[in-house]
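One structure is given below, encoded as structure tokens.
Residue numbers (this note's numbering): 161 to 895.
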């Protein structure tokens with residue numbers, strides 16, 4: 161009983177001492193590394209060890225060898241941690257137990273029970289690493305053995321044998337002086353049951369073992385241990401173009417295949433691409449949680465280049481770096497591989513996508529804004545407020561570029577016609593500022609320049625592609641139903657989403673007039689309108705969402721803006737031709753129909769364009785059919801007012817007033833506007849009393865309108881003149 165108590169007490173004390181020691185080390189020395197999964201980082205594939213332990217029966221639990229015996233267990237132990245859960249370790253043990261009686265105890269017959277036991281056991285172990293050096297855990301084993309008693313049968317020289325069954329449960333305190341060498345204490349309890357009548361050694365016993373293990377593998381912290389778990393294959397990057405800088409941020413430039421060559425999964429993979437000198441930081445390409453052993457994955461590459469790529473000239477061979485960061489068994493690792501490719505300068509592209517040309521439309525260039533401002537100032541005295549402001553701006557730009565000397569010149573090396581759709585040909589497109597300097601370009605250069613000028617003025621543009629050609633199109637902002645106010649020929653405009661667009665043959669710049677360029681663009685469009693494979697229509701703003709404008713360095717171009725007089729004259733001539741075409745169209749329509757409404761419409765259009773003589777004639781033709789035709793009466797009065805023939809205007813306004821009163825229609829919006837016109841006319845005639853009187857009547861019917869023109873109730877002065885000026889807008893009544 162004393163022996164059992166001593167062993168139990170010894171085991172308890174040892175376990176407590178080691179537990180306290182391990183706990184102290186984990187808190188003091190390794191707390192800062194708690195984020196590391198040591199079980200994964202320092203896992204091992206297998207281990208082989210030898211163990212020596214001393215075994216004693218637990219008398220307190222009823223186990224009695226009926227004498228003093230020394231029991232020594234010597235065994236070989238193999239462990240095989242699970243790949244995914246390395247703390248769980250299947251184990252196997254081959255052991256030899258030598259049991260000898262302790263002589264001198266007064267019972268000299270005990271030597272008969274000396275025996276050697278051979279056993280084989282298997283089970284599971286659990287080992288948790290507190291840090292790299294220390295582990296705690298437990299083992300459970302089940303096995304069977306054969307005990308040989310050489311002296312048990314006094315009448316035979318042959319040893320007696322007995323088979324048994326055993327179950328053991330133990331704890332384990334482990335110290336690892338190195339990654340490959342492990343020393344551990346193994347306190348355990350073992351239950352043995354013999355299959356023979358010999359029951360002396362049956363029961364529960366306690367053991368304390370000392371184990372020395374060799375663990376296979378290479379220390380992850382070894383400088384020679386370089387993790388290379390990724391195999392790179394087929395790294396490929398296409399030829400790149402600086403003009404497509406923004407496109408490459410979201411769209412693939414190439415691809416690479418990576419393969420996990422380990423027996424373990426790779427986790428937290430992050431793939432990046434870096435190009436020295438042309439990137440500030442590496443571009444994050446892709447990330448995924450896990451790559452299983454032996455699995456390959458093809459990853460598309462993207463790139464975020466900085467502004468330095470726009471400084472390249474010609475073709476530059478580059479070597480980029482593809483990098484993969486990953487975690488193997490809780491240890492972070494990185495691998496890189498080079499990727500070789502060619503980078504073309506900012507003027508180069510291949511025509512595999514017509515929208516790419518939008519990248520060259522740099523409307524933010526201040527040189528374009530400055531020239532637009534010059535053109536507006538040059539033509540401001542001949543601007544027709546009744547005609548499309550957008551088309552007038554396009555005419556200004558057309559003749560401004562003509563005056564600079566810009567002309568169409570076919571690319572001597574590779575024209576758009578040759579390069580279109582041929583992905584093996586690299587074409588060159590000039591930026592607008594470059595074409596302004598060279599004053600020559602092929603169809604893509606002139607399209608880019610013209611569109612950039614209009615976009616700089618806030619006008620939406622697009623481009624049309626046809627076989628071997630590209631040219632401009634721009635939005636007038638005019639509703640499709642009003643096409644006759646832009647051009648009488650319906651085919652000269654293109655209705656898109658309810659708005660009229662104008663096609664323009666930009667190669668006519670410097671060679672022909674604006675109207676001819678417009679007509680040629682329209683004819684080309686309608687030539688291919690039924691052939692969707694040959695005709696392409698793209699909008700600059702939509703294309704630039706994919707291909708953003710290239711970067712450029714602002715500097716003074718030093719260009720001479722040209723002769724203002726020629727620009728003014730050419731602009732005025734074409735504008736006059738267009739407005740005359742429109743008015744003539746409405747005139748012919750009125751003559752054909754012959755009704756008062758058609759003449760009234762013709763007069764409105766003429767007055768809108770400032771052709772007051774034509775407008776007067778048209779309104780009189782309408783009134784000749786019906787002297788009380790209120791629309792033409794009021795419209796003619798407005799024409800007189802705008803020509804400052806105030807007495808004639810007042811006469812017609814009062815005639816209209818009489819008609820309204822006879823109809824009892826003195827509350828309509830038309831009547832209130834008529835009152836305003838009468839008040840304005842009296843004001844211009846300096847009859848301020850009547851102006852104030854009509855203004856007061858207006859205030860009673862429509863206070864808001866009267867408030868806008870409250871100056872009509874005061875004597876004319878400089879301030880009221882200034883207020884009156886924006887009110888001099890003709891009131892043209894349709895019906």
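Positions of the beta carbon are idealized from the N, C-alpha and C atoms, including for glycine.
Computed from a predicted structure; not experimentally measured.
- Query: Beta-carbon separation of residue 643 and residue 515 under 8 Å?
  - Reply: Counted from its first residue, the chain shown places residue 643 at position 483. Counted from its first residue, the chain shown places residue 515 at position 355. Contact flag unset, no.
- Message: How far does the beta strand (DSSP E) with residue 147 in it extend, from its first residue to its last?
- Response: In the structure displayed, the chain extends from 161 to 895; residue 147 sits before or after that span and is not available.
- Task: Please classify residue 502: does DSSP put it in a helix, a strand, or coil?
- Result: One-based indexing of the chain shown puts residue 502 at position 342. Residue 502 falls in the strand class under three-state DSSP.
- Message: Could you compute how far the alpha carbon of residue 171 sits from the alpha carbon of residue 317?
- Response: By one-based count along the chain shown, residue 171 stands at place 11. By one-based count along the chain shown, residue 317 stands at place 157. Any answer about residue 171 is weak, because its pLDDT of 47 lies below 50 and its placement is not dependable; what the coordinates show is given next. Rounded to whole angstroms, residue 171 to residue 317 spans 40 Å at the Cα level.
- Query: Mapping DSSP to helix, strand and coil, what is residue 269?
  - Reply: Residue mapping note: residue 269 aligns to position 109 of the chain shown, counting from 1. Coil, per DSSP.
- Query: According to the Cβ coordinates, are residue 507 and residue 567 closer than 8 Å?
  - Reply: To locate residue 507, count along the chain shown from 1; it is residue 347. To locate residue 567, count along the chain shown from 1; it is residue 407. Result no, Cβ atoms of residue 507 and residue 567 do not sit closer than 8 Å.
- Buried or exposed: where does residue 138 fall if 16 or more other Cβ atoms within 10 Å of its Cβ makes it buried? Nothing about residue 138 can be reported from this structure: the residues present for the chain run from 161 to 895 only.
- Message: Please report the straight-line C-alpha distance between residue 652 and residue 829, rounded to a whole angstrom.
- Response: Position 492 of the chain shown holds residue 652. Position 669 of the chain shown holds residue 829. Approximately 37 Å between the Cα atoms of the pair.
- Item | Member of 393, 338, 418 whose CA lies at the smallest distance from the CA of residue 380 | Working through the chain shown from its first residue, we reach residue 380 at position 220. When each option's Cα is compared against that of residue 380, the closest is 338.
- Message: If you reduce the DSSP assignment to three classes, tell me which class residue 812 lands in.
- Response: As a working note, residue 812 is residue 652 in the chain shown. Residue 812 falls in the helix class under three-state DSSP.
- C-beta atoms of residue 216 and residue 260 nearer than 8 Å: To locate residue 216, count along the chain shown from 1; it is residue 56. To locate residue 260, count along the chain shown from 1; it is residue 100. For residue 216 and residue 260, no; Cβs fall outside 8 Å.
- Task: Output the residue ranges of the beta strand (DSSP E) runs that lie fully inside the segment 671 to 734 and measure 3 residues or longer, sorted by chain position.
- Result: 696 to 699
- Measure the alpha-carbon distance for residue 610 versus residue 392 and round it to whole angstroms. As a first step, residue 610 must be located in the chain shown, where it is residue number 450. As a first step, residue 392 must be located in the chain shown, where it is residue number 232. Their Cα atoms are separated by approximately 48 Å.
- Item | Contained alpha helix (DSSP H) runs [length at least 4] in the segment 584 to 654, N- to C-terminal order | 592 to 598, 603 to 616
- Query: Is DSSP giving residue 275 helix, strand or coil here?
  - Reply: Locating residue 275 in the chain shown gives position 115, where the first residue counts as 1. It is a strand residue.
- Message: Mapping the DSSP letters down to three states, classify residue 310 as helix, strand or coil.
- Response: As a first step, residue 310 must be located in the chain shown, where it is residue number 150. Note: residue 310 maps to coil in three-state DSSP.
- Measure the C-alpha to C-alpha separation of residue 747 and residue 792 and round it to an integer number of angstroms. Counting from one through the chain shown, the residue named residue 747 turns up at place 587. Counting from one through the chain shown, the residue named residue 792 turns up at place 632. Rounded to whole angstroms, residue 747 to residue 792 spans 15 Å at the Cα level.
- At least 3 beta-carbon pairs within less than 8 Å: the segment 454 to 466 vs the segment 402 to 414: yes
- Task: Please name the residue in 704, 535, 753, 627 whose C-alpha comes closest to that of residue 691.
- Result: Translated into the one-based positions of the chain shown, residue 691 becomes position 531. Of the listed residues, the one whose Cα sits closest to residue 691 is 627.
- Rounded C-alpha distance that separates residue 439 from residue 481: In the chain shown, the residue the question calls residue 439 occupies position 279. In the chain shown, the residue the question calls residue 481 occupies position 321. Each residue's Cα considered, the two are about 11 Å apart.
- With DSSP as the reference, please indicate the residues paired to residue 323 in a beta bridge. Counting from one through the chain shown, the residue named residue 323 turns up at place 163. Answer is 306, bridged to residue 323.
- Query: Which runs of the alpha helix (DSSP H) fall wholly inside the segment 520 to 570 and span at least 4 residues, in chain order?
  - Reply: 526 to 539, 549 to 564
- Message: In whole angstroms, give me the CA-to-CA distance for residue 346 and residue 445.
- Response: Residue numbering aside, residue 346 sits at position 186 when the chain shown is read from its first letter. Residue numbering aside, residue 445 sits at position 285 when the chain shown is read from its first letter. Rounded to whole angstroms, residue 346 to residue 445 spans 50 Å at the Cα level.
- Task: Drop a sphere of 10 angstroms on the beta-carbon of residue 661, count the other beta-carbons inside from all chains shown, and report buried for 16 or more, exposed for fewer.
- Result: For the purposes of this step, residue 661 is identified with residue 501 of the chain shown, where counting begins at 1. By the 10 Å Cβ count, residue 661 comes out buried.
- Identity of the residue in 727, 242, 325 nearest residue 278 by Cα: Sequence index remark: in the chain shown, residue 278 carries index 118 (1-based). Minimum Cα distance to residue 278 is reached at 325.
- Item | Rounded C-alpha distance that separates residue 860 from residue 806 | In the chain shown, counting from the first residue as 1, residue 860 sits at position 700. In the chain shown, counting from the first residue as 1, residue 806 sits at position 646. Residue 860 and residue 806: Cα-Cα distance of roughly 25 Å.
- Item | Alpha-carbon to alpha-carbon, residue 780 and residue 754 | For the purposes of this step, residue 754 is taken as the residue at position 594 of the chain shown. For the purposes of this step, residue 780 is taken as the residue at position 620 of the chain shown. Computed Cα separation, rounded: 13 Å.
- Task: Work out the CA separation of residue 656 and residue 883 for me, nearest whole Å.
- Result: Within the chain shown, numbered from 1, the residue matching residue 883 stands at position 723. Within the chain shown, numbered from 1, the residue matching residue 656 stands at position 496. Interpretation of residue 883 is limited by its pLDDT of 35, a score under 50 that renders its predicted location unreliable; the figure taken from the coordinates is listed afterwards. So the alpha carbons of these two residues sit roughly 39 Å apart.
- Leaving out five residues on either side along the sequence, give the residues of the same chain with a beta carbon under 6 Å from the beta carbon of residue 523. The count along the chain shown starts at 1 and reaches residue 523 at position 363. Excluding positions up to five away in sequence, the list reads 612, 615, 616.
- Query: Just the Cα atoms here: how many angstroms apart are residue 452 and residue 305?
  - Reply: In the chain shown, the residue the question calls residue 452 occupies position 292. In the chain shown, the residue the question calls residue 305 occupies position 145. Using only the alpha carbons, I get a separation of about 42 Å.
- Assigned secondary structure, residue 742 (DSSP; H/G/I helix, E/B strand, else coil): Taking the chain shown and counting its residues from 1, one reaches residue 742 at position 582. Looking at residue 742 - three-state DSSP - the assignment turns out to be helix.
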